[in-house]
Amino acid sequence: MDNLIEVQHISIAYGNKSLFKDFSFSIKKGNFVALTGNNGSGKSTLIKAILEIISYSGQIVRNTDSIGYLPQSYSIDRSFPITVEEFINLVSNNNKTVKPSRRIEKYLTDVFKELQIEELKQKYLSELSQGQFQKVLFARSIVNNPEFLIQDEPLSNIDEETAVFLKNYLIDLNKKGVTILLSIHDSKFVSETCHQILSLASKESTIVDPCFHNHGGNS
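The letter at position 202 of the sequence shown is residue 1337 when you use my numbering, and the numbering goes up by one with no holes.
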């Protein structure tokens, strides 16, 4: 199956406001897809529909159950007294088994090391800077080594150094075969990196715009 995700004629409305009407697109396995649009254009809503968090009419076919998700950081209550390690382990597959897998434990260790958050393990979320917290959210989204990674504006409201670091990490993940759907406002990164652009215009949210750059992904 070439398509990892197939969105078929979906419609989504809030009250009398229609965000999507008869909207269709597909995401091919291995592609890096940018989801762009103004604030309020429906990017987060579309992501939540793909994840079955909200209801919609139409059909969304997910040809994988291996999905990682990074929500917008403001949606997480950082005042809750939980450490970084506990926060990440809440979604780890190791929490779902009686005997933890050494393979998963090694992957977890590698993720902490690669994202440079080893020293943050025992810190509470409330003690972290915004850049540190974004790295933790990033780690949480890939903790189960997903085949398909969805991230909702992971590069917003963080320092430039952290943003560049996470951009490079995303590129490396895609090179390793991870399919990525990324909500983002950075047009330069999108044009240089992504294989496909899914553009949600403010009034007409029905545009699938293939990127004209060939970066080795599926066309």
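For glycine and all other residues, C-beta sits at the position ideal for the given N, C-alpha and C.
Run through DSSP, which three-state label would residue i get?
i, result
"Asn1138", "strand"
"Thr1314", "strand"
"Ser1192", "strand"
"Phe1300", "helix"
"Val1168", "strand"
"Asp1307", "helix"
"Gln1331", "strand"
Do residue i and residue j have their CB atoms nearer than 8 Å?
i, j, result
"Ile1185", "Ile1195", "yes"
"Gly1177", "Phe1160", "no"
"Ile1293", "Gln1265", "yes"
"Lys1192", "Ser1146", "With the sequence shown as reference, residue 1192 is identified as Ser, and Lys is not the correct amino acid for it. Yes. Within cutoff."
"Ile1277", "Gly1203", "yes"
"Leu1260", "Ile1217", "yes"
"Asn1303", "Tyr1242", "no"
To the nearest angstrom, report how far apart residue i and residue j are at their CA atoms.
i, j, result
"Ile1315", "Ile1140", "11 Å"
"Lys1164", "Gln1257", "36 Å"
"Ser1153", "Arg1275", "32 Å"
"Arg1197", "Lys1311", "20 Å"
"Asp1200", "Gly1172", "27 Å"
"Ala1298", "His1144", "34 Å"
"Asp1212", "His1330", "34 Å"
"Glu1282", "Tyr1209", "25 Å"
"Glu1240", "Glu1221", "14 Å"
"Phe1215", "Lys1248", "25 Å"
"Leu1263", "Phe1273", "14 Å"
"Leu1284", "Val1313", "7 Å"
"Ile1301", "Asn1174", "Reading the sequence as shown, one finds Leu at residue 1301 and not Ile. Roughly 22 Å between the two C-alpha positions."
"Gln1267", "Ala1148", "35 Å"
I'd like to confirm the pairing. Which residues does DSSP put opposite residue i in its beta bridges?
i, result
"Gly1203", "Leu1284"
Can you tell me whether residue i is buried or exposed? The criterion is at least 16 other CB atoms within 10 Å of its CB, across all chains shown.
i, result
"Thr1244", "exposed"
"Ser1179", "buried"
"Val1325", "buried"
"Asp1157", "exposed"
"Lys1323", "exposed"
"Ala1169", "buried"
"Leu1225", "exposed"
"Asp1137", "exposed"
"Asp1287", "buried"
"Asn1151", "exposed"
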